[in-house]
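Residue numbers (my numbering): 3 to 429.
We treat Cβ as the ideally placed atom computed from N, Cα and C, and that holds for glycine.
The structure appears right after this line, and notes come after that.
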Amino acid sequence: MSSNIPSRRHFLRASGVSLGLPLLESMPRAASAADLEDQPAKFAKRRLVAINVELGLHGPNMTPTQSGSDYELSRYLKVLERFRNEFTYISGTSHPEVDGGHASRKSFLTGMRHPLNAGFKNSISIDQLAAERLGAETRFASLSLTTSSAGISWSRSGVEIPAESRPSRVFKKMFVEGTATEKMVMLQRLKKGQSVLDAVAEKARKMRRRVNGRDRQKLEQYFNSVREAEKRLVKAEEWEKHPKPVVEAQTPRDVLDPKYLIERLDLMYDMMHLAIQTDSTRFITLSDPGRNLVPAIAGVDTDHHMLSHHAKDPEKIAQLAMVETAIVEALGRFLGKLADTSEADCSLLDQTMVLFGSNLGNASNHDTKNMPILLAGGGFRHGQHLAFDQQDNYPLTNLFVSMLQQLGLEIDNFASSTGTMRGLLAV
3 MSSNIPSRRH FLRASGVSLG LPLLESMPRA ASAADLEDQP AKFAKRRLVA
53 INVELGLHGP NMTPTQSGSD YELSRYLKVL ERFRNEFTYI SGTSHPEVDG
103 GHASRKSFLT GMRHPLNAGF KNSISIDQLA AERLGAETRF ASLSLTTSSA
153 GISWSRSGVE IPAESRPSRV FKKMFVEGTA TEKMVMLQRL KKGQSVLDAV
203 AEKARKMRRR VNGRDRQKLE QYFNSVREAE KRLVKAEEWE KHPKPVVEAQ
253 TPRDVLDPKY LIERLDLMYD MMHLAIQTDS TRFITLSDPG RNLVPAIAGV
303 DTDHHMLSHH AKDPEKIAQL AMVETAIVEA LGRFLGKLAD TSEADCSLLD
353 QTMVLFGSNL GNASNHDTKN MPILLAGGGF RHGQHLAFDQ QDNYPLTNLF
403 VSMLQQLGLE IDNFASSTGT MRGLLAV
């Protein structure tokens, strides 16, 4: 083989676009006009929000002891009593062969096996799959947010989508208009990107004649990526010409001290509500990794991570309950904002699936089985506890298939799924 054929890594760098890096791979594949016309009206503004509490949620306080529709709310779920008929609690689920303790965060929305293994390569998360198909309908295909640093969204190439931790930057991104000069610079950048893509595509076509059949297949995949990137750039240029939504809210002042865990959560939830309300995006993820520090919550004097490793110590569990109750209360305020905001003849909550849970079923020993999972809104028949086998867990990815189908995607499987989630029905 000719030595002048560049390596994939060099080829991507030389392209000037970095197709293999998160900046471009994370962007959505623009849907064609025909694709959008084929979407049923009921899927017109279906949305997906996914929230992960990385340090877990204490099972005895979170998971009800009874199943079905007449179950008694658990200690934490009582906080959400107003929404009892708007959510389904799901127990006895996990991702098959997803281990690794805290590393399982990487697989929360992908279901990819063995995240702690050397050479682990992740796959696409459900929000990014949805954004690929439907993200071009809004200014931002998706938002990846965090209260700390790491996110839970992953591109098709298995690269982590950078997550934003500053609510003020999220607000400015969505609502603050630039000057005429700034807009012109942005458009020039987009146009420059398009010309670079054209040049790279020509080089790649020449290269195809010099490689073997297997590499030609890889290059064809690359060509597809180039073509889709060109569509995305055109779409982005169109959005730059549209004025951003006008909202009454002011740019928030960031809570920089991480000990104010709940205040940071509330601010991010406010940004998420505004994003959904203005239809700036329809796919949002929020990661709450927790910290090795004492949260500013009355009665708590031990750091959150240490409390999660309670080893059944009653005093630690009592303080942990204070932290986790506050986390669930913050979720309740977010659900309330969605429920109280009308859209057409329903509420934003009716149109938004909110997945809330943790990659850890028992954070005290880093167990990834029996993950605590709550699904609210989004047009499902709720008001129930779906209890699966605690010893032989049901695949959580079946829920993901149901959620993606609810968005209007015609898919039958995702990662380790065996079908759709049993017992979860659409309205």
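- Per DSSP, residue 172 is one residue of the alpha helix (DSSP H) stretching across 169-177.
- The Cβ atoms of residue 106 and residue 398 lie no closer than 8 Å to each other.
- Assigned with DSSP and collapsed to three states, residue 278 falls in helix.
- In terms of Cβ geometry, residue 325 and residue 299 form a close pair [threshold 8 Å].
- Classified as exposed, residue 74 has fewer than 16 neighbouring CB atoms from the shown chains inside 10 Å of its CB.
- If you check the CB distance, residue 363 and residue 428 do not come in under 8 Å.
- DSSP places residue 132 in the uninterrupted alpha helix (DSSP H) bounded by 128-136.
- When only Cα atoms are considered, residue 155 and residue 356 end up about 15 Å apart.
- The beta carbons of residue 153 and residue 123 sit no closer together than 8 Å.
- The count of Cβ pairs closer than 8 Å, one atom from the stretch 366-384 and one from the stretch 306-317, reaches three, so the stretches are in contact.
- The three-state reading of DSSP puts residue 284 in coil, since its state is none of H, G, I, E or B.
- In this structure, the alpha-carbon of residue 57 lies about 32 Å from that of residue 280.
- Judged by DSSP secondary structure, residue 54 falls within the beta strand (DSSP E) whose first and last residues are 49-55.
- Judged by DSSP secondary structure, residue 355 falls within the beta strand (DSSP E) whose first and last residues are 354-359.
- Here residue 167 really is in contact with residue 150; their C-beta atoms are around 6 Å apart, less than 8 Å.
- Check the Cα spacing between residue 422 and each of 212, 405, 410: the tightest is with 405.
- Distance from the Cα of residue 285 is smallest, within the candidate group 251, 83, 409, 413, for 409.
- Residue range 306-310 is occupied by the alpha helix (DSSP H) that includes residue 309.
- Straight-line measurement puts the Cα of residue 304 at about 34 Å from the Cα of residue 391.
- Distances from the CA of residue 254 to each of 359, 276, 260 were compared; the closest alpha carbon is that of 276.
- Excluding sequence positions up to five before and after residue 301, its CB lies within less than 6 Å of the CB of 324, all in the same chain and listed in chain order.
- The beta carbons of residue 54 and residue 379 sit no closer together than 8 Å.
- Linking residue 147 to residue 212 through their CA atoms gives a straight-line distance of about 43 Å.
- Annotated three-state conformation of residue 66 is coil, per DSSP.
- Selection 86, 258, 290, 112 evaluated against residue 271 yields 290 as nearest (Cα-Cα).
- Of the candidates 283, 416, 287, 297, the residue whose Cα lies closest to the Cα of residue 139 is 283.
- About 7 Å separates the Cβ atoms of residue 278 and residue 340, confirming a contact at the 8 Å cut-off.
- DSSP, read as helix, strand or coil, puts residue 93 in strand.
- In this chain, the beta strand (DSSP E) harbouring residue 146 covers 145-148.
- Residue 350 places its beta carbon 8 Å or farther from that of residue 88.
- 8 Å or more divides the Cβ of residue 172 from the Cβ of residue 64.
- Annotation: the continuous alpha helix (DSSP H) that includes residue 321 extends over 316-341.
- As computed with DSSP, residue 397 is found in a beta bridge with 96.
- Across the set 52, 92, 317, the C-alpha of 92 shows the shortest separation from the C-alpha of residue 386.
- Contact check for residue 400 against residue 94 fails: the beta carbons are separated by 8 Å or more.
- Taking all protein chains in view, the Cβ of residue 112 is crowded by 16 or more other Cβ atoms within 10 Å, so the residue is classified as buried.
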